[in-house]
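Student: Residue numbers (this note's numbering): 4 to 643. Beta carbons are placed, not taken as given, at the ideal position from N, Cα and C, and that holds for glycine. Since this is a predicted model, take the numbers as computed values, not measurements.
1. Does the region 82-91 come close enough to the region 112-128 to have 3 or more Cβ pairs within less than 8 Å?
2. Which residues bound the alpha helix (DSSP H) around residue 24?
3. Using the rule of at least 16 other Cβ atoms within 10 Å of the residue's Cβ for burial, across every protein chain shown, is residue 49 buried or exposed?
4. Near residue 239, which residues of its chain fall below 8 Å by C-beta distance, leaving aside the five closest residues on each side in sequence?
5. Which two residues bound the contiguous beta strand (DSSP E) that contains residue 63?
6. Evaluate residue 504 with the Cβ neighbour count: other Cβ atoms within 10 Å of its Cβ, from every protein chain shown; 16 or more gives buried, anything less gives exposed.
7. Does the separation of the CB atoms of residue 63 and residue 55 fall below 8 Å?
8. Are there 16 or more other CB atoms within 10 angstroms of the CB of residue 375, so buried, or fewer, so exposed?
9. Kindly indicate which residue of 342, 532 and 128 has the alpha-carbon position closest to the one of residue 618.
10. Closer than 8 Å is the cut-off here; do at least three beta carbon pairs connect the region 570-584 with the region 619-636?
11. Rounded to whole angstroms, what is the Cα-Cα separation between residue 232 and residue 242?
12. Report the three-state DSSP secondary structure of residue 325 (helix, strand or coil).
13. At the level of alpha carbons, what is the spacing between residue 273 and residue 398?
14. Which residues in the same chain have their Cβ closer than 7 Å to the Cβ of residue 213, if we skip the five residues on either side of it in sequence?
15. Thinking C-beta only, is residue 20 closer than 8 Å to residue 685?
16. Classify residue 487: buried if its beta carbon has 16 or more other beta carbons within 10 angstroms, exposed otherwise.
17. Can you give the Cα-Cα distance for residue 140 and residue 96, rounded to whole angstroms?
18. Just verifying my parser: in three-state terms, what is the DSSP assignment at residue 330?
19. Measure from the alpha carbon of residue 516 to the alpha carbon of each residue in 552, 12 and 57, then state which is nearest.
20. Does the beta-carbon distance from residue 539 to residue 498 come in below 8 Å?
21. List the residues that DSSP assigns as beta-bridge partners of residue 527.
22. By how many angstroms is the C-alpha of residue 6 removed from the C-alpha of residue 22?
23. Taking its Cβ as the centre, do 16 or more other Cβ atoms sit within 10 Å of residue 637, making it buried, or is it exposed?
24. Please report the Cβ distance between residue 377 and residue 536, rounded to the nearest whole angstrom; I am assuming they are in contact, meaning their Cβ atoms lie under 8 Å.
25. For residue 625, which three-state DSSP category applies?
26. Under 8 Å, do residue 647 and residue 373 count as touching if we go by C-beta distance?
27. Tell me where the alpha helix (DSSP H) around residue 232 begins and ends.
28. Are the Cβ atoms of residue 569 and residue 541 separated by less than 8 Å?
29. Does DSSP put residue 616 in a helix, in a strand, or in coil?
30. Expressed to the nearest angstrom, what Euclidean distance is found between the alpha-carbon atoms of residue 136 and residue 85?
31. Quick check on the DSSP output: the alpha helix (DSSP H) that includes residue 37 runs from which residue to which?
32. Could you tell me whether the Cβ atoms of residue 195 and residue 220 are closer together than 8 Å?
33. Using DSSP with H/G/I as helix, E/B as strand and the rest coil, what is residue 102?
34. Residue 728 lies in the alpha helix (DSSP H); which residues open and close that run?
35. Would residue 639 and residue 500 qualify as a contact pair, given that the criterion is a beta-carbon distance under 8 Å?
36. Who are the near neighbours of residue 102 in its chain, counting only those whose CB is closer than 7 Å to its CB and skipping five residues on each side?
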């Protein structure tokens, strides 16, 4: 027995065979009719539609044979496929290729075989239509021709079957898309007859599935001639308008109609796609939103930044009049009238913050001034969450409130604190100096009990002076009077100096300060102010660490920034205190924390300093597992 050779295009042939999706499929009557007719024409007991797979021949249809497949090396059909030509064997016992084939020597005892290759559109032989007899025989020319015709018909049925499957899949996919469109959708023929509808359309108009089909859209529209006008306008492209549709109950529904033509590849009109949005629901939602927004102080809005850089406010509550002196209609298509009312000194920062929020999809939060046409300059606070839309646009959902009264109160408070601090600083300096001289023995020996009282007084005067210094720093930062000399700084010497300066304080608490290796970059900062921030962070870490623990100082570059971190092994920060940690005078309420002292201004000052240097500051902490305070500064020579 000789095996059929493997065709040169075997992989291409197998790919084409598998693409038919026929292998191991259930029996189908249309193919069984072919094999029955082939057996009848050729007068044979057996007829097969055989497909040659990599290791087997599988029978899509079979007459007179029970098995579904055989090994490929035994297949007569494999020889017809390899030769890519009809194969006819009158007597297998006389053919050296087949006389010892198990299909000849045992069941089904093949003697006669005639097979015609089944070719696809590219001419690849994927299998055969064959007839088999257990007795030697010969086909006449008529039988041979009829077998050829049936083979061609078999292939056409293969293609029709695949097209039907693809159409069914596409139809199911289209229906799934329609059902998930979120709007009422109708597919129409050119005359307006409904061919298909989705669940939303059936629900909107009050019809059961299947009841809308074969109805005519003009009968569902209240305005006479509206459908015809839309169709005429559609010759230039999709059309949109508002109208009313008649529900099954007789109710008149306000809708927005979007009609698009469906054209074949040759631009021949096949029908229309109608999308209808129920405006009554939208109007109810708009009214509910207006009622809610009316109860909120300030302005609730949506801000859309388009891909081309233009912007608008798709939604703005009535509060826009109080905040900006605009109407919602004035900014619904173009945000220009509103943006023009930003204070000139604040506008660049507002635009930059919006750009950062769009790039990172982080929350936008800012305080800035607005020039109201009636009320003059107002301080406002805005906060919004961004959302990236499929077309590349960014949409913010947020609110803006008038904080002018709060700003006036803060200004009065700051002026009061500044005045009091300046007035107290000079006498406190004199008191602290005098107490220092007395404690140093300048007036002679002091009784031990009085010495203790004097030391307490000196300690408290120094603490009060530190509080006043911090208050004055805050005042300078808020007023923009603190000067910053931003220069490229080599980071390692600066961190070593900060470690050296704060080591005595840490040793007093029994804590070790460690500088981690690998720091060799430069940052842009004010050296004196950066040292002030590091001193605060290192002192806090040492103060809240237990004796014997370590505090680690590290710096890691990345993505245009250098992150400097101070990590302790203390008790961490309670969750309810985290939102207030950078606020003025913020101190944890725990008794242990209160005993550590401090003014509650150090972190607030540090935050202002770092942000004035173009950086960021934050922390990570798990209660009971320590804290890491970090600050990011721009890295020299890297675009951030």
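Tutor: Short version:
1. yes
2. Note, residue 24: premise wrong, no alpha helix (DSSP H); not H, not E.
3. Burial check for residue 49: the Cβ neighbour count within 10 Å reaches 16 or more, so the residue is buried.
4. none
5. 59-66
6. exposed
7. no
8. buried
9. 532
10. yes
11. 10 Å
12. helix
13. 37 Å
14. Scanning its chain for C-beta atoms nearer than 7 Å, with the 5 sequence neighbours on each side dropped, one finds no residue around residue 213.
15. There is simply no residue 685 to check, as the chain begins at 4 and stops at 643 in what is shown.
16. exposed
17. 12 Å
18. coil
19. 552
20. Against a cut-off of 8 Å, the Cβ pair of residue 498 and residue 539 comes out as no contact.
21. 491
22. 26 Å
23. buried
24. Incorrect: roughly 43 Å between the Cβ atoms, too far for contact.
25. Coil, per DSSP.
26. Only positions 4 to 643 of the chain appear in the structure, and residue 647 is not among them; the question remains open.
27. 229-236
28. Going by beta carbons, residue 569 and residue 541 fall inside the 8 Å limit.
29. coil
30. 22 Å
31. 32-45
32. yes
33. In the structure shown, residue 102 sits in coil (DSSP, three-state: anything other than H, G, I, E or B).
34. Absent from the structure is residue 728, since the part of the chain shown begins at 4 and ends at 643.
35. no
36. Sequence-distant partners of residue 102 (beyond 5 residues in either direction) whose C-beta falls short of 7 Å from its own C-beta, in its chain, are 95 and 96.
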